[in-house]
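Colleague: One structure is given below, represented as structure tokens, and several questions about it will come after.
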Amino acid sequence: MSDTVAVPSQAAPRAAVVAAALELFAEQGFDQTSVEQIAQAAGVSRSTFFRQFGGKDDVVFADHEVQLDRLREFLAKPHDDPWAAVCEASVLVYTHFVADPELARRRYAVVRGVPALRDREIVTVFRYERLFDEYLRASLPGLDPLDAVGFAALVTAIHNHVLRKLLRGTKKVPVSVLRTALDDARRRFGVLPEGTETGEDEVVVAVFPRAMPTAEVARRLREHLDT
């Protein structure tokens, strides 16, 4: 998403500006589309456009900025299982884009055709990965940094793989596909709960996958001993 206001800015939310911009980019090209044309198509003034967005490229990535803010709020809340929280954050982002796949595909086509936008996309992906990495380190004191960055990178890569299946095709790719892939990632990483049942006042024998990070072993033991 002329200096003359045609419609009050409240009547043209950011989403409408983004949709208008992406449609123009798809029709006539990113470089060939001016801010004035976007503002006119969205029914806002040029000055309103610049208050909402820093430039044309910011319109393309506006949804990501909103999603990153949304994930920061989500991860700031208490979560019993930090590993599951990271996966759920990935699902939240995917759910947003799968809600309007045609708009997401239009954005993808625009980004693929402009080298500068592709470069920014790489940076944006890293911001998600870094957010997950920092959250895991803060939530699991003593966690090996390699485990944190490894899991963050794995979740981000799986998310992008499933999202690209949606963007490059014409069919729906349901959220369940991503959830299944993320569960498999947690299983491979050794952090998917197995649902072991134990009786009260009995000796508990805990078996953990060799691949499970030490910090996660300690967290699960504390969790069971405190119940």
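Quick note, my numbering runs 75 ahead of the 1-based positions in the sequence shown.
Using N, Cα and C, we set each Cβ at its ideal position, and we do this for glycine too.
Values in this document were obtained by computation on a predicted structure and should not be read as measured data.
In chain order, what are the residue ranges of uninterrupted alpha helix (DSSP H) at least 4 long that sit wholly in the segment 114-182?
Modeller: Whole alpha helix (DSSP H) segments, 4+ residues: 121-127, 131-135, 137-151, 157-173.
Colleague: Could you tell me the boundaries of the alpha helix (DSSP H) in which S109 lies?
Modeller: Neither: S109 is in no alpha helix (DSSP H) and is coded neither H nor E.
Colleague: Tell me whether S165 is buried or exposed, calling it buried when 16 or more other Cβ atoms sit within 10 Å of its Cβ.
Modeller: Flag for S165 reads buried.
Colleague: What is the rounded straight-line gap between the Cα of L150 and the Cα of A160?
Modeller: Near 7 Å, if we compare the C-alpha coordinates of A160 and L150.
Colleague: Could you tell me whether the Cβ atoms of F105 and V185 are closer together than 7 Å?
Modeller: Their beta carbons are under 7 Å apart, which means F105 touches V185 by this criterion.
Colleague: Throw me the rounded Cβ distance for the F226 and W158 pair, which I believe falls under 8 Å.
Modeller: Right, their Cβ atoms sit about 7 Å apart.
Colleague: Short of 7 Å in beta carbon distance, which residues of its chain neighbour Q112, apart from the five on each side in sequence? Order them along the chain.
Modeller: L99.
Colleague: Taking the alpha-carbon positions, what's the P216 to P176 distance?
Modeller: One C-alpha to the other measures close to 39 Å.
Colleague: Taking the runs of the alpha helix (DSSP H) that are 4 residues or longer, which of them lie wholly in the segment 214-274?
Modeller: DSSP runs (the alpha helix (DSSP H)) wholly in the segment 214-274: 220-243, 250-264.
Colleague: Among R239, V250, E298, which residue has its Cα nearest to the Cα of A179?
Modeller: When each option's Cα is compared against that of A179, the closest is R239.
Colleague: Distance, Cα to Cα, Y203 vs Q107?
Modeller: Each residue's alpha carbon lies about 30 Å from the other.
Colleague: Taking buried to mean at least 16 other C-beta atoms within 10 Å of its own C-beta, is D138 buried or exposed?
Modeller: Result: buried.
Colleague: How close, in whole Å, do the beta carbons of L229 and A256 come, if the pair is a contact with beta carbons under 8 Å?
Modeller: Not really, about 10 Å apart at Cβ, beyond 8 Å.
Colleague: Tell me which same chain residues have a C-beta within less than 8 Å of the C-beta of D132, skipping the five on either side of it?
Modeller: A191, L192, R195.
Colleague: At the level of alpha carbons, what is the spacing between R182 and E298?
Modeller: Taking the straight line joining both Cα atoms gives about 44 Å.
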